[in-house]
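Protein chains in written order, with the numbering used here: chain A, 210 to 463; chain B, -1 to 163. Worksheet for the structure shown next.
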Amino acid sequence: MTKVLPPEAGLEIQGIFHKYTITKDADANATVSITNKNATGGGHIYERHDDWNQLPSNTKIGFDVFTPSPATRWGEGRINVEGDAELSDVIVAYNYRFDPCFIPLSDPSCPDYESALYKYLTDNNLIDNEPAIDDPYYDEWVKFQLDRKAEQQEEEAKEEEEEEEEPEEDRMETALSVASKAIEISNPMQQLDMMSQMISEGTLDGYYGATIEGGTYEDTVVLEDTEITDNYRALRNLAQDKLHRTIVRSQYDK
Amino acid sequence: MIKRLATAAFLMSATAAMAVNSPITGSVQPKCSIWTETAGVYGHPLPYKLTTKPADGGVKASIRVDIAQADYYKTKFTHPNSFSSSPTLNDAVAWTGSTTVGQVSVSGMSAYEAAKVTYNNTTEFNMTLAGSTWFTVESEAQYGSTKALPAGNYTAMIVAECIAK
């Protein structure tokens, strides 16, 4: 079948068209058979037998549709007639479909391309080793390495960012923990307890026991006599304020 | 009073429910269809003759009949015995024609030809098998014995029918 069907992998046969002309006497017996061997097992994967017993000559056209099956299972095909008849103008055509992503590595747009590439690199020990320049996936390997490096850098940057954020988070946690105790702090009995605790520990001694030395504190700022002009801008603003107030009030003072 | 009204309403609704119509629907899909695969063309080998014979420059009509259910239909082909449009003709036209089984999709259909019934300009086939059958229709018109046909366009109709048996 390799001579008939395209060599691409992933081909599936889903129908067979046939057309032939049989020439025979109307009272003769004949059977036309169209078959394909099963390439992966015994017997035939496709069989058609047309009974032309006691029938006149004619041209037959037919199209058989079936569940798609891999082309690799389709072996040698043939059409032959048994009996007293001859075939002419024979056409047998295979209807097939092709899955371009049957081999995911064949196209980067295939859905499983990335996992297939990773498997290829792993299987060939190329994750950390540079392949030969003529390797069919050399470009992909370069891209993979660049992506990998970019991912690593991204992860490192993320980790650094997380480390920097941690102290700030601690401060936030402390603030939040204090906020939750606000009710407790506002309790007068609690405050009294806190004050007595602070006094007993001598925390306030620094304030109460402080000694301020006596003396004279001289003025350091000296204002010289001069003429102070009116602030017209301020007056204008005040006038506008008054007008605004009047307008607003006018809505209610009717 | 309220109770009486409620009872009356209940009785009325019960009466209405008994009169409900329940429709049963269904659709019938055609099991026989006719398709013109090749429209016939008249050749003009002689001044007085129009024919669909390829040897005379004509094209035979090919009509395909698809049968989805075996042995429920017969097909009837009527080759022309008049023009549906033509220039004015002042003399008689002699018509001949035939319908034959062409290609088949099932070998057994080849037997249709021997079993066909022909009368007047009509040919009947008993469609005993499911599948497609191509019928070839020939037509020939000869004007006024051997009189030249007037110039113009000529059209004649083949009537193909699918009839339930």
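For every residue, glycine included, the Cβ atom is placed at its ideal position computed from N, Cα and C.
For residue i, which residues from the same chain have a beta carbon less than 8 Å from its beta carbon, with the 5 sequence-adjacent residues on both sides left out?
{"i": "residue 443 of chain A", "result": "none"}
{"i": "residue 445 of chain A", "result": "none"}
{"i": "residue 316 of chain A", "result": "309, 310 and 322"}
{"i": "residue 7 of chain B", "result": "The pLDDT assigned to residue 7 of chain B is 40, lower than 50, so where the model puts this residue is not dependable, and the model offers no usable value."}
Kindly indicate the opening and closing residues of the alpha helix (DSSP H) around residue i.
{"i": "residue 325 of chain A", "result": "322 to 332"}
For the beta strand (DSSP E) that contains residue i, what are its first and last residues?
{"i": "residue 159 of chain B", "result": "157 to 162"}
{"i": "residue 111 of chain B", "result": "Not the beta strand (DSSP E): residue 111 of chain B falls in the alpha helix (DSSP H), residues 110 to 113."}
{"i": "residue 32 of chain B", "result": "30 to 36"}
{"i": "residue 255 of chain A", "result": "253 to 260"}
{"i": "residue 231 of chain A", "result": "220 to 233"}
{"i": "residue 42 of chain B", "result": "41 to 44"}
{"i": "residue 311 of chain A", "result": "First-last for residue 311 of chain A: undefined, no H or E at that position."}
{"i": "residue 62 of chain B", "result": "59 to 65"}
{"i": "residue 472 of chain A", "result": "The first residue shown for chain A is 210 and the last is 463, placing residue 472 of chain A beyond what the model contains."}
{"i": "residue 76 of chain B", "result": "71 to 76"}
{"i": "residue 243 of chain A", "result": "239 to 247"}
{"i": "residue 101 of chain B", "result": "91 to 102"}
Using C-beta distances below 6 Å, list every residue in its chain close to residue i, excluding the 5 sequence neighbours before and after it, in chain order.
{"i": "residue 107 of chain B", "result": "127 and 131"}
{"i": "residue 30 of chain B", "result": "65, 71 and 160"}
{"i": "residue 139 of chain B", "result": "48, 91 and 93"}
{"i": "residue 153 of chain B", "result": "82 and 83"}
For residue i, which residues from the same chain have a beta carbon less than 7 Å from its beta carbon, with the 5 sequence-adjacent residues on both sides left out?
{"i": "residue 270 of chain A", "result": "228"}
{"i": "residue 273 of chain A", "result": "224, 225 and 257"}
{"i": "residue 282 of chain A", "result": "247, 248, 249 and 254"}
{"i": "residue 145 of chain B", "result": "46 and 89"}
{"i": "residue 243 of chain A", "result": "227, 257, 288 and 301"}
{"i": "residue 319 of chain A", "result": "310 and 313"}
{"i": "residue 460 of chain A", "result": "none"}
{"i": "residue 162 of chain B", "result": "70 and 71"}
Return the Cβ separation of residue i and residue j in integer angstroms, given the expectation that the two are a contact with Cβ distance under 8 Å.
{"i": "residue 218 of chain A", "j": "residue 312 of chain A", "result": "6 Å"}
{"i": "residue 136 of chain B", "j": "residue 51 of chain B", "result": "7 Å"}
{"i": "residue 314 of chain A", "j": "residue 330 of chain A", "result": "The pair is not a contact, with the Cβ atoms about 11 Å apart (cut-off 8 Å)."}
{"i": "residue 292 of chain A", "j": "residue 232 of chain A", "result": "Not confirmed; about 12 Å, so no contact."}
{"i": "residue 60 of chain B", "j": "residue 134 of chain B", "result": "6 Å"}
{"i": "residue 277 of chain A", "j": "residue 222 of chain A", "result": "7 Å"}
request  = List in chain order: all unbroken alpha helix (DSSP H) runs of 4+ residues lying wholly within the region 391 to 460 of chain A.
outcome  = Whole alpha helix (DSSP H) segments, 4+ residues: 391 to 395, 397 to 409, 414 to 417 and 441 to 459.
query = When Cβ atoms are compared, which residues of the region 254 to 285 of chain A fall closer than 7 Å to chain B?
reply = 259, 260, 261, 264, 265, 267, 268, 269, 270 and 271
ask   = Using a beta-carbon distance cut-off of less than 9 Å, what residues from the region 102 to 136 of chain B approach chain A?
value = 102, 103, 104, 105, 106, 107, 108, 109, 111, 112, 129, 130 and 132
request  = Starting from the N-terminal side, write out each stretch of the beta strand (DSSP E) that is 3 residues or longer and does not extend beyond the region 118 to 163 of chain B.
outcome  = 120 to 125, 129 to 141 and 157 to 162
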